[in-house]
Each structure stands twice: as C-alpha cells, then as structure tokens.
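If you read the sequence shown in this note's numbering, its first letter stands for residue 608, the second for the next number, and so on. From the three backbone atoms N, C-alpha and C, an ideal C-beta is built for every residue, glycine too. Contents: one structure, followed by commentary.
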Amino acid sequence: MSAQAHPQFALRPFLAEDAPVLAEIFRESITELTGDDYSEAQQEAWIESSDDVAGLAKRLAGALTLVVTMQGSPVGFASLAGKDKIDMLYVHPAAAGHGAAAMLVDALEKLAGARGAEKLKVDASDTARGFFEKRGYVPQQRNSISLGDEWLANTTMSKALVKPEAVKPS
C-alpha cells in the first residue's frame, strides 16, 4: 500500500520531543487493544517495561524510528532495530484499523530492503499476529517473555523481502 492509499496519514522521522506523546500512544495501545489476548496484570507489566519516557526516547533514537501523523499529530510509531527487525509497532486505538500500522510496516520493509536485509523479523504480540500474517509474515517460534512478575507470550515471525532489482515493471 502506498502513502496515497492513506491520504489522512503522513510519515516522518522520530524527533526527541515526540517521546512523551509516543509513550502515551504506547500505553493506550496496550490498554485498549490487547485486552482480548492479555490479562490486566500482563498489560500493566508490559506498560511498565517501557514506562520511562527518557528510556523510551533513547530506545527509539537508537533505532530507525518512524512516526505516523494525522493532521500533524502523532498517532503511531514503529522502529527498525539493526537492518532486519521491527522492534516496536504501536498505533493509537483511534487510528487502529485505518491503515496507520500498514503504512508504518510498508515503510520499514522498504527501508530494511534498502539496508540490504533479505528478510524482516518481528516478535509479534498475540494481538498483532493476525496483522502480520495478513502481510505475509510466517510464524517461526512461540516465545514466553518475563516482564516483572508476569509472563507474556509472543511469536517470532519473518517475511522474505523482495529485492528492488527483482521487481519487474507491470
């Protein structure tokens, strides 16, 4: 999907001053979107794992992080760690299901390919697994992650990237 498919959204690089609003998007995304897959205690542990705004800012600045905006305001973000791993993907609940996450992942896939990655991997939450499967990601293994006193499950998934020179004009 191209940016033109989502005219209400725009992409831009992460800026340090984005950290407080992205931390809020992180919290609201977990609180409002993951309740069918994770208990309240698991959600709280997940939120606490990145609840330090300065720590989140450092993590996002240390990766290639994109912010999706609507009318100039951030509504989601995603980061590429190294050249081949989606580290974080969070969208505000009001923007979920409207193409913001797809726009972010499309951009990260292109950037990863441009960096020489042959495949892209992600540790997808149970909530995000279906989203990634629809985009061609294949489950590789189940994981149990310890956060505080809680255990959360996720799935390592990967997708082969099409090399730019392999794309044939239509």
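Two segments are said to touch when three or more pairs of C-beta atoms, one from each, lie closer than 8 Å; by this definition the region 715–731 does not touch the region 616–632.
The closest CA to that of Y697, considering only K690, D691, K770 and T676, is found on T676. Your pair E635 and P700 checks out as a contact, with CB atoms roughly 6 Å apart and the cut at 8 Å. DSSP places R619 in the strand class (E or B) of the three-state scheme. The region 742–749 makes no contact with the region 634–654; the number of CB pairs closer than 8 Å stays below 3.
Classified as exposed, W758 has fewer than 16 neighbouring CB atoms from the shown chains inside 10 Å of its CB. The shortest CA-to-CA distance from E651 to any of A661, H705 and S753 is the one to S753. Annotated three-state conformation of T734 is coil, per DSSP.
Following the DSSP letters along the chain, one finds T638 inside the alpha helix (DSSP H) bounded by residues A626 to L640. Residue G720 holds the alpha-carbon nearest to the alpha-carbon of K766 among N750, S751, G755 and G720. Setting aside the 5 residues that flank it on each side, A630 is surrounded in the same chain by V660 and L663, each with a C-beta closer than 6 Å to its C-beta; the list follows chain order. Here the C-alpha atom of D756 lies approximately 9 Å from the C-alpha atom of Q649. DSSP assignment within the region 672–741 yields the following whole alpha helix (DSSP H) runs of 4 residues or more, N-terminal first: 707–721 and 736–741. Assignment of beta-bridge partners to E655 by DSSP yields no partner.
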